[in-house]
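Structure, as structure tokens:
2 protein chains.
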Amino acid sequence: MSESRYLERGERILDAAAELVLRWGYRRVTIDEVAKLAGIGKGTVYLHFKTREALFLAVLIRDSLGLFDQMIAAIQADPAELLPHRQARRVYLGVMGRPLLRAMFSRDSDVLGALAHETSIARLTEMKLDLTGELYGLLREHGLVRTDLDIPAQQYALGAIQTGFYLVDPMMAGKHELDLESRADALATVIRNCVEVAGTPDPDLLRALASKIIALFEQLRLVMVAGVHGTPPKGD
Amino acid sequence: MSESRYLERGERILDAAAELVLRWGYRRVTIDEVAKLAGIGKGTVYLHFKTREALFLAVLIRDSLGLFDQMIAAIQADPAELLPHRQARRVYLGVMGRPLLRAMFSRDSDVLGALAHETSIARLTEMKLDLTGELYGLLREHGLVRTDLDIPAQQYALGAIQTGFYLVDPMMAGKHELDLESRADALATVIRNCVEVAGTPDPDLLRALASKIIALFEQLRLVMVAGVHGTPPKGD
DNA sequence: CGATGACCAATTATCAAATCTGGTCACGAG
DNA sequence: CTCGTGACCAGATTTGATAATTGGTCATCG
Numbered sequence: 001m002s003e004s005r006y007l008e009r010g011e012r013i014l015d016a017a018a019e020l021v022l023r024w025g026y027r028r029v030t031i032d033e034v035a036k037l038a039g040i041g042k043g044t045v046y047l048h049f050k051t052r053e054a055l056f057l058a059v060l061i062r063d064s065l066g067l068f069d070q071m072i073a074a075i076q077a078d079p080a081e082l083l084p085h086r087q088a089r090r091v092y093l094g095v096m097g098r099p100l101l102r103a104m105f106s107r108d109s110d111v112l113g114a115l116a117h118e119t120s121i122a123r124l125t126e127m128k129l130d131l132t133g134e135l136y137g138l139l140r141e142h143g144l145v146r147t148d149l150d151i152p153a154q155q156y157a158l159g160a161i162q163t164g165f166y167l168v169d170p171m172m173a174g175k176h177e178l179d180l181e182s183r184a185d186a187l188a189t190v191i192r193n194c195v196e197v198a199g200t201p202d203p204d205l206l207r208a209l210a211s212k213i214i215a216l217f218e219q220l221r222l223v224m225v226a227g228v229h230g231t232p233p234k235g236d
Numbered sequence: 001m002s003e004s005r006y007l008e009r010g011e012r013i014l015d016a017a018a019e020l021v022l023r024w025g026y027r028r029v030t031i032d033e034v035a036k037l038a039g040i041g042k043g044t045v046y047l048h049f050k051t052r053e054a055l056f057l058a059v060l061i062r063d064s065l066g067l068f069d070q071m072i073a074a075i076q077a078d079p080a081e082l083l084p085h086r087q088a089r090r091v092y093l094g095v096m097g098r099p100l101l102r103a104m105f106s107r108d109s110d111v112l113g114a115l116a117h118e119t120s121i122a123r124l125t126e127m128k129l130d131l132t133g134e135l136y137g138l139l140r141e142h143g144l145v146r147t148d149l150d151i152p153a154q155q156y157a158l159g160a161i162q163t164g165f166y167l168v169d170p171m172m173a174g175k176h177e178l179d180l181e182s183r184a185d186a187l188a189t190v191i192r193n194c195v196e197v198a199g200t201p202d203p204d205l206l207r208a209l210a211s212k213i214i215a216l217f218e219q220l221r222l223v224m225v226a227g228v229h230g231t232p233p234k235g236d
């Protein structure tokens with residue numbers, strides 16, 4: 001089978017898995033049903049993904065990749081997008097607009113079930129943490145973030161703030177009336193007030209940083225792409 | 001039975017319930033065992049608390065009351081304690097230092113189980129929300145908090161930030177090395193940066209506000225006290 | 001050579017019997 | 001008379017043995 005046909009079939013499998021997960025939740029979706037919906041035999045699924053877990057992890061990764069590409073494009077279009085509050089806002093909106101990612105971030109155990117707590121997710125989260133670590137290192141070097149908190153404390157605070165914005169909604173049972181955009185704006189304001197310095201950053205500096213930061217993103221992107229599809233038979 | 005003896009017995013029941021909940025978790029604790037540990041008969045428990053749920057709710061409320069009194073005392077001792085970042089810090093340390101409250105705030109379903117999601121807790125949370133609403137109203141009137149976010153957005157952000165600091169720990173599986181104090185400091189810094197205005201507030205203003213705010217606290221305190229014990233027989 | 005579905009071990013769903021427990025209340029102690 | 005108690009009951013929960021499902025493999029076939 002040609003590599004392009006192989007990849008196309010992999011996409012069909014991922015499409016099927018994504019649809020079924022959204023419809024019935026992770027726990028209820030069987031490999032058999034995914035195969036059926038993709039119009040192939042069950043064994044064929046295993047030519048693409050070593051285990052059930054790997055398949056659904058790939059679904060999540062593929063969804064994340066879309067958001068990733070959006071981030072890169074946005075920074076390329078406007079380097080000011082690399083500022084923490086702009087990124088936080090964009091990620092928030094991007095996650096909330098993708099049902100699978102939203103389920104993962106809000107620990108929606110009904111849709112994603114155990115998958116969200118699996119070890120394989122941990123590696124992704126860890127890599128993402130490393131990325132933001134390097135990213136804030138860069139921003140700090142160039143005087144774009146505050147230093148009133150030391151680095152571990154600042155990272156911790158950033159993690160806590162974002163965790164909070166992703167998890168608070170289900171807990172405030174209808175007690176607030178903020179639409180998606182307002183919540184994203186609130187998050188952006190908080191992040192800006194907490195970690196960014198006052199004043200408008202130098203556009204030249206931003207442009208220079210943009211390329212470096214995009215390089216970081218691309219690096220992680222490659223790791224993630226590798227995680228989506230297996231290799232075609234005979235190729236390994 | 002004298003009222004004081006009645007109340008003392010109620011405390012013994014609460015002590016027993018608290019100890020057993022911490023030892024075995026909400027789900028596994030039976031009224032029978034609570035009664036046995038308190039050295040009384042099972043029926044007697046029901047002279048104090050209408051239902052099992054009410055009993056454990058009272059345990060939680062009693063624990064909260066301790067923290068509440070600490071808050072009031074702190075503001076009385078130093079009116080600057082009424083500033084949001086000081087309060088957030090104190091509440092955080094107070095909650096983390098009380099196993100039952102910590103379990104509730106961190107949604108530790110192993111210890112508290114379903115109780116944390118019960119409706120009766122919701123009323124408490126709602127009252128607490130009302131309190132913070134009025135509290136921030138007061139602070140706003142006197143120019144102590146920012147207005148770069150409108151009130152609903154600011155309340156939402158505050159809720160999200162605090163939610164985050166209470167929930168992020170179990171998610172960052174050992175990936176950070178911040179002790180309790182540092183985390184509390186980080187929370188305080190975030191809150192100050194996000195909702196307080198720059199500069200040192202006028203001590204006279206703080207003193208004047210302190211009494212009003214303490215009045216608010218006392219008001220909620222009374223509601224909570226009423227929720228701890230039932231009334232002695234013949235008294236109702 | 002790649003795709004497939006029959007096949008297997010192991011997990012998970014089912015369901016009735018047995019056990020437990022929240023809540024009541026008739027009774028007995030004082 | 002009042003207050004405390006534990007036997008009692010209905011409903012919920014656990015148990016355990018059985019049946020059904022399903023992740024993953026691989027001999028077979030096109």
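Residue numbers (the UniProt record's numbering), protein chains in the order written: chain A, 1 to 236; chain B, 1 to 236. Just so it is clear, CB atoms sit at the ideal spot from N, CA and C, and this is done for glycine as well.
Item                                                                                                                                                                                                        : Value
Scan the segment 170–193 of chain B for residues whose Cβ lies nearer than 8 Å to a Cβ of chain A and list them as they occur along the chain.                                                              : 171, 172, 173, 175, 176, 177, 178, 182, 183, 185, 186, 187, 189, 190 and 193
Distance cutoff 8 Å, beta carbons only. Does residue 59 (chain A) sit that close to anything in chain B?                                                                                                    : no
What separation, rounded to the nearest whole angstrom, lies between the Cα atoms of residue 236 (chain B) and residue 223 (chain B)?                                                                       : Interpretation of residue 236 (chain B) is limited by its pLDDT of 43, a score under 50 that renders its predicted location unreliable; the figure taken from the coordinates is listed afterwards. Approximately 18 Å, taken between the alpha carbons.
Is the segment 210–219 of chain B in contact with the segment 76–87 of chain B, if contact means three or more CB pairs nearer than 8 Å?                                                                    : yes
Closer than 9 Å, Cβ to Cβ, to anything on chain A: give me those residues from the segment 107–122 of chain B, in chain order.                                                                              : 107 and 122
Relative to the alpha-carbon of residue 237 (chain B), which residue among B:30, B:25, B:26 and B:44 has its alpha-carbon at the smallest distance?                                                         : In the structure as shown, chain B starts at 1 and stops at 236, and residue 237 (chain B) therefore has no counterpart that could be examined.
For the segment 52–71 of chain A against the segment 137–157 of chain A, do three or more pairs of beta-carbon atoms, one drawn from each stretch, fall closer than 8 Å, so that the two count as touching? : no
What residue range is occupied by the uninterrupted alpha helix (DSSP H) comprising residue 178 (chain B)?                                                                                                  : Segment: none, residue 178 (chain B) is in no alpha helix (DSSP H) and carries neither H nor E.
Judging by CA-CA distance, which residue of A:110, A:70 and A:163 is the nearest neighbour of residue 129 (chain A)?                                                                                        : A:163
Mapping DSSP to helix, strand and coil, what is residue 118 (chain A)?                                                                                                                                      : coil
Just how far apart, CA to CA, sit residue 237 (chain A) and residue 2 (chain A)?                                                                                                                            : An answer regarding residue 237 (chain A) cannot be provided, because it is not within the stretch 1 to 236 covered by chain A.
Between which two residues does the alpha helix (DSSP H) containing residue 202 (chain A) stretch?                                                                                                          : No alpha helix (DSSP H) holds residue 202 (chain A); DSSP gives it neither H nor E.
Since residue 91 (chain B) sits in a beta bridge, which residues does DSSP pair it with?                                                                                                                    : For residue 91 (chain B), which the question treats as bridged, DSSP gives no partner whatsoever.
Taking any Cβ of chain A, which residues in the segment 29–56 of chain B have a Cβ under 9 Å from it, in chain order?                                                                                       : none
Counting Cβ pairs closer than 8 Å, one from the segment 181–197 of chain B and one from the segment 181–201 of chain A, do we hit at least three?                                                           : yes
Am I right that residue 115 (chain B) and residue 46 (chain B) are in contact with their C-beta atoms under 8 Å? What's the rounded C-beta distance?                                                        : That pair is no contact at about 18 Å.
What residues from chain A crowd round residue 161 (chain B), counting only those whose CB sits closer than 7 Å?                                                                                            : 161, 164 and 190
What is the DSSP secondary structure of residue 45 (chain B), counted as helix, strand or coil?                                                                                                             : helix
In three-state DSSP terms, what is residue 145 (chain A)?                                                                                                                                                   : strand
To the nearest angstrom, report how far apart residue 184 (chain B) and residue 89 (chain B) are at their CA atoms.                                                                                         : 5 Å
Just to confirm before moving on: does the CB-CB distance between residue 21 (chain B) and residue 95 (chain B) stay below 8 Å?                                                                             : no
To the nearest angstrom, how far is the alpha carbon of residue 87 (chain B) from that of residue 142 (chain A)?                                                                                            : 34 Å
Opposite residue 196 (chain B) in the DSSP bridges: which residues?                                                                                                                                         : B:145
Going along chain B in order, which residues have a C-beta closer than 7 Å to the C-beta of residue 152 (chain A)?                                                                                          : 176, 177 and 178
Got a sec? Which residues, its chain only, sit under 7 Å from residue 104 (chain A) by beta carbon, not counting five neighbours each side?                                                                 : 60, 112 and 116
According to DSSP, is residue 15 (chain A) part of a helix, a strand, or is it coil?                                                                                                                        : helix
Please classify residue 9 (chain B) as buried or exposed, where buried requires at least 16 neighbouring CB atoms within 10 angstroms.                                                                      : buried
Are residue 13 (chain A) and residue 29 (chain A) touching if we call contact CB-CB under 8 Å?                                                                                                              : no
Verify the CB distance criterion: does residue 101 (chain B) have a CB-CB separation below 8 Å to chain A?                                                                                                  : no
Could you tell me whether any Cβ in chain B is nearer than 8 Å to the Cβ of residue 235 (chain A)?                                                                                                          : Residue placement at residue 235 (chain A) is flagged as unreliable, the pLDDT there being 44, under the threshold of 50; a coordinate-derived value is accordingly withheld.
So what does DSSP say about residue 236 (chain B), is it helix, strand or coil?                                                                                                                             : A caution first: residue 236 (chain B) carries a pLDDT of 43, below 50, which makes its placement in the model unreliable, though a value can still be read off. DSSP places residue 236 (chain B) in coil when its eight states are reduced to three.
Is it buried or exposed for residue 168 (chain B), if we count other Cβ within 10 angstroms and need 16 for buried?                                                                                         : buried
Exposed or buried, which one is residue 227 (chain B) when buried takes at least 16 other CB atoms within 10 Å?                                                                                             : buried
How many Å lie between residue 172 (chain B) and residue 145 (chain A) at the Cα?                                                                                                                           : 23 Å
Roughly how far, in whole angstroms, is the beta-carbon of residue 74 (chain B) from the beta-carbon of residue 157 (chain A), given that I think they are within contact range, below 8 Å?                 : Not quite, the Cβ-Cβ distance comes to about 23 Å (not below 8 Å), so this is no contact.
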